[in-house]
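Residue numbers (our numbering): 7 to 410.
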């Protein structure tokens, strides 16, 4: 509502306050995860355990087109993704345009990049710590408590309870071997570490198998059930382990994070709708008041559309990854169009338009067939748009020469 009534100014002011709440909430969440670890287990110990179980592999140096996260896809594909996001996305560019001067806009862009890296690092580190926390504490077989409540009232309740009891037995065993792993690390006993790792790996496979069995029962009880609980892990920790006051704050953090991005996107979509469509094709000579009213209606319309998309997004797995995947399907194409406009002045709009359509079809095909990891789609999309646009422009020039 504040985006619809206040526009860009309201978005800018509220985002500053939301950012402060997000940072405070994240630091408190990280502090509480460490505080609730068992006696004798510190933050370094927790990270060591997560590392030995493969959860802190920051860099993979092997090159592979199909590996989503290695140093090459991160540096090259991630570079083009960031270039498109910070340089062409209306939700970001709109912020730069509200700066009082070019210098202020540049400062905003610089702060965007500087804050994003530590913020994402902190989020990922909290995730690694939370993984370690659940190695030393009991974890539910399914983190979406609403679905667990539903199946407990269904005909599959007894079968689910039986699977859950077996799962909790595995969790207890994992807790024992996690302490063994930690003891081995502290005493620098490589044999003990290796033995604990092997046992934990076996138990991890067993727990995954039992989770699949439980998810199958949930699906059997309710075919329309959401069986992806990735985005409920942190919420489960907040609701079951934190004191009441902090629960409210961290739920506010979740809302602030969603409002922060949603408000910017809705404002950007409404601005684009009015400037590029409404002003040019629907009402070319309207008054400023009519444009403001139309902008509010457009914001409301895009908000309703966003709610519909959000209903589907909870089935996409990790939301951070889902956002990057969806962005990679289009960002390379958009970046290519911008680069043609900046550096290939002789290429006409028709050639670029055709190139963009062909490129998008190719990108969707590559993604659908899993031909390459999604980060590479940004580089491929950008290169294809520029290359195909040049080819079509040369073809159009030859056609004109033939006609004359």
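Note that beta-carbon positions come from the ideal geometry of N, C-alpha and C, so glycine has one too. Please read all numbers here as calculations on a predicted model, not as lab measurements.
{"Query": "Would DSSP call residue 276 helix, strand or coil?", "Result": "helix"}
{"Query": "On the criterion of 16 or more Cβ atoms from any shown chain inside 10 Å, does residue 117 qualify as buried, or is it exposed?", "Result": "exposed"}
{"Query": "Can you check the segment 152–191 for any beta strand (DSSP E) of at least 3 residues that lies completely inside it and give the ranges in chain order?", "Result": "none"}
{"Query": "Quick check: is the beta carbon of residue 81 nearer than 8 Å to any beta carbon in chain B?", "Result": "The chain labelled as chain B is not found in the depicted structure, where only one protein chain is given."}
{"Query": "Quick check: the segment 90–110 against the segment 25–42, are at least 3 beta-carbon pairs closer than 8 Å?", "Result": "no"}
{"Query": "Under 8 Å, do residue 332 and residue 309 count as touching if we go by C-beta distance?", "Result": "no"}
{"Query": "Measuring CA to CA, which of 304, 65, 341 and 353 is closest to residue 277?", "Result": "304"}
{"Query": "Drop a sphere of 10 angstroms on the beta-carbon of residue 230, count the other beta-carbons inside from all chains shown, and report buried for 16 or more, exposed for fewer.", "Result": "exposed"}
{"Query": "Contact defined as beta carbons within less than 8 Å: I believe residue 330 pairs with residue 369. What is the distance between those atoms, to the nearest angstrom?", "Result": "Not a contact, Cβ separation roughly 14 Å."}
{"Query": "Please return the same chain residues whose Cβ sits closer than 6 Å to the Cβ of residue 160, not counting the five positions on each side in sequence.", "Result": "227"}
{"Query": "Quick one, which of 251, 246, 240 and 170 has its alpha-carbon nearest residue 222's?", "Result": "170"}
{"Query": "Might you give, ordered along the chain, the residues of its own chain that have their beta carbon closer than 6 Å to the beta carbon of residue 394, omitting 5 neighbours on each side?", "Result": "361 and 364"}
{"Query": "What's the C-alpha gap between residue 423 and residue 343?", "Result": "Since the displayed the chain opens at 7 and closes at 410, residue 423 lies outside it and no answer follows."}
{"Query": "Express the C-alpha separation of residue 280 and residue 296 in angstroms, rounding to a whole number.", "Result": "11 Å"}
{"Query": "Residue 202 to residue 274, Cα distance in whole Å?", "Result": "52 Å"}
{"Query": "Rounded to a whole number of angstroms, what is the C-alpha to C-alpha distance between residue 127 and residue 372?", "Result": "30 Å"}
{"Query": "Closer than 7 Å by C-beta to residue 78: which residues in its own chain qualify, once you throw out the five before and the five after it? Chain order, please.", "Result": "69"}
{"Query": "Any idea what DSSP makes of residue 382, helix, strand or coil?", "Result": "helix"}
{"Query": "For residue 190, count neighbouring Cβ atoms within 10 angstroms of its own Cβ and tell me buried if that reaches 16, exposed if not.", "Result": "buried"}
{"Query": "Taking contact to mean 3 or more Cβ pairs, one atom from each stretch, closer than 8 Å, check whether the segment 374–386 and the segment 79–87 are in contact.", "Result": "yes"}
{"Query": "Pick out the complete alpha helix (DSSP H) segments inside the segment 293–370, 4 residues or longer, and give them in chain order.", "Result": "294–319 and 325–349"}
{"Query": "Can you give me the start and stop residues for the alpha helix (DSSP H) that residue 4 sits inside?", "Result": "Residue 4 lies beyond the residue range present for the chain, which begins at 7 and ends at 410; the question has no answer from this structure."}
{"Query": "Cα separation between residue 75 and residue 85?", "Result": "13 Å"}
{"Query": "Count the other C-beta atoms from every protein chain shown that fall within 10 angstroms of the C-beta of residue 256, then say buried if there are 16 or more, exposed otherwise.", "Result": "buried"}
{"Query": "Going by CA-CA distance only, name the one from 311, 351 and 383 that's closest to residue 336.", "Result": "383"}
{"Query": "So, is residue 72 buried or exposed, given that buried needs 16 or more other C-beta atoms within 10 angstroms?", "Result": "exposed"}
{"Query": "Grouping DSSP H, G and I as helix and E and B as strand, with all else coil, what is residue 8?", "Result": "Low confidence applies to residue 8: its pLDDT is 48, below 50, so where it sits in the model is not reliable enough to give any reading."}
{"Query": "For residue 42, which residues of its own chain have a beta-carbon under 7 Å away from its beta-carbon, when the five flanking residues on both sides are left out?", "Result": "139 and 247"}
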